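Below is one structure, written out as structure tokens; the observations come after it.
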């Protein structure tokens, strides 16, 4: 009788063990959106950090968008949207929590934000992190519609007061929203100032917090992987 109870007890533990493992491994799926002319490999440090903390490769979505040879050709409308939109939809559909986290770098941050709004995906985003994004525009792109000389700076681009940015302004992209920025950003601060109307262009309205580092535009992505993952956990 004692042996029978022991066997039944072990059987019950074996049946429950997979459930415990599955529960422990259930994280929000994560969408990592690279910047203008970038590639998914730009997020390699972040991806490795996620894997080291128990995320599986299937929980990490890395859309590959835009031209790789013509930075001035990319904007936030049309073919650039499709890979990012698909990644967000697929990540939500496959999420074991019903939520996702989205981390975008540079133009990938504003592109991801746009897709969240356009898809109506806001209720499914737990945390949104914008790294070196130009949410308030780039003075190097001019002020719309003046001195706008390419698609990246056009009506669907990053000129200050562009229709695209004005439509994005004030919207919420997740339950929690964070920015990662630098005062040494060679892209966002290339004209000698990082400020747009007195606010750092990488700051997001209504954000729950902002981390500031002495890194350049790409260092903000490469050297902050641990903090990026801290923000979404």
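Residue numbers (the working numbering): 102 to 334. Each residue gets a CB set at the ideal place from its N, CA and C atoms; glycine is no exception. Please read all numbers here as calculations on a predicted model, not as lab measurements.
So residue i packs on residue j, CB below 8 angstroms; how close in whole Å?
i           : j           : result
residue 303 : residue 282 : 4 angstroms
residue 269 : residue 218 : 7 angstroms
residue 261 : residue 284 : Wrong, their Cβ atoms sit about 18 angstroms apart, outside the cutoff.
residue 228 : residue 202 : 5 angstroms
residue 174 : residue 180 : That belief does not hold up - the Cβ atoms of residue 174 and residue 180 are roughly 10 angstroms apart, past 8 angstroms.
residue 205 : residue 297 : About 18 angstroms separates the two Cβ atoms, so there is no contact after all.
residue 131 : residue 151 : 6 angstroms
residue 329 : residue 249 : Their Cβ separation, rounded to whole angstroms, is 32 angstroms, which puts residue 329 and residue 249 out of contact at 8 angstroms.
Counting C-beta neighbours from all protein chains within 10 Å, is the total for residue i 16 or more, i.e. buried, or is it exposed?
i           : result
residue 300 : exposed
residue 332 : buried
residue 166 : buried
residue 160 : buried
residue 334 : exposed
residue 195 : exposed
residue 125 : With a pLDDT of only 48 at residue 125, under the threshold of 50, the placement of this residue in the model should not be trusted, and no figure is reported.
residue 164 : buried
residue 290 : buried
With which residues is residue i paired in a DSSP beta bridge?
i           : result
residue 202 : 131, 228
residue 281 : 232, 312
residue 297 : 300
residue 288 : None, per the DSSP bridge assignment.
residue 260 : 239
Is residue i helix, strand or coil by DSSP?
i           : result
residue 243 : strand
residue 265 : helix
residue 215 : helix
residue 305 : coil
residue 333 : helix
residue 78  : This structure gives no information on residue 78, because the portion of the chain shown stretches from 102 to 334.
residue 120 : With a pLDDT of 44 at residue 120, under the threshold of 50, the modelled position of that residue is not reliable, and the figure given next carries that caveat. Here residue 120 sits in helix by DSSP.
residue 162 : strand
residue 181 : coil
residue 320 : helix
residue 153 : helix
residue 186 : helix
residue 197 : coil
residue 171 : coil
residue 144 : helix
residue 223 : helix
residue 328 : helix
residue 276 : coil
residue 126 : coil
residue 176 : coil
residue 255 : coil
Taking 8 angstroms as the CB-CB limit, is residue i close to chain C?
i           : result
residue 305 : Reference to chain C is not applicable here, since this structure consists of a single protein chain.
Distance check for residue j and residue i, CA to CA, integer angstroms please.
i           : j           : result
residue 185 : residue 213 : 7 angstroms
residue 326 : residue 158 : 16 angstroms
residue 129 : residue 225 : 10 angstroms
residue 222 : residue 315 : 33 angstroms
residue 138 : residue 216 : 18 angstroms
residue 320 : residue 146 : 11 angstroms
residue 141 : residue 294 : 29 angstroms
residue 232 : residue 207 : 6 angstroms
residue 277 : residue 309 : 6 angstroms
residue 286 : residue 318 : 5 angstroms
residue 280 : residue 187 : 24 angstroms
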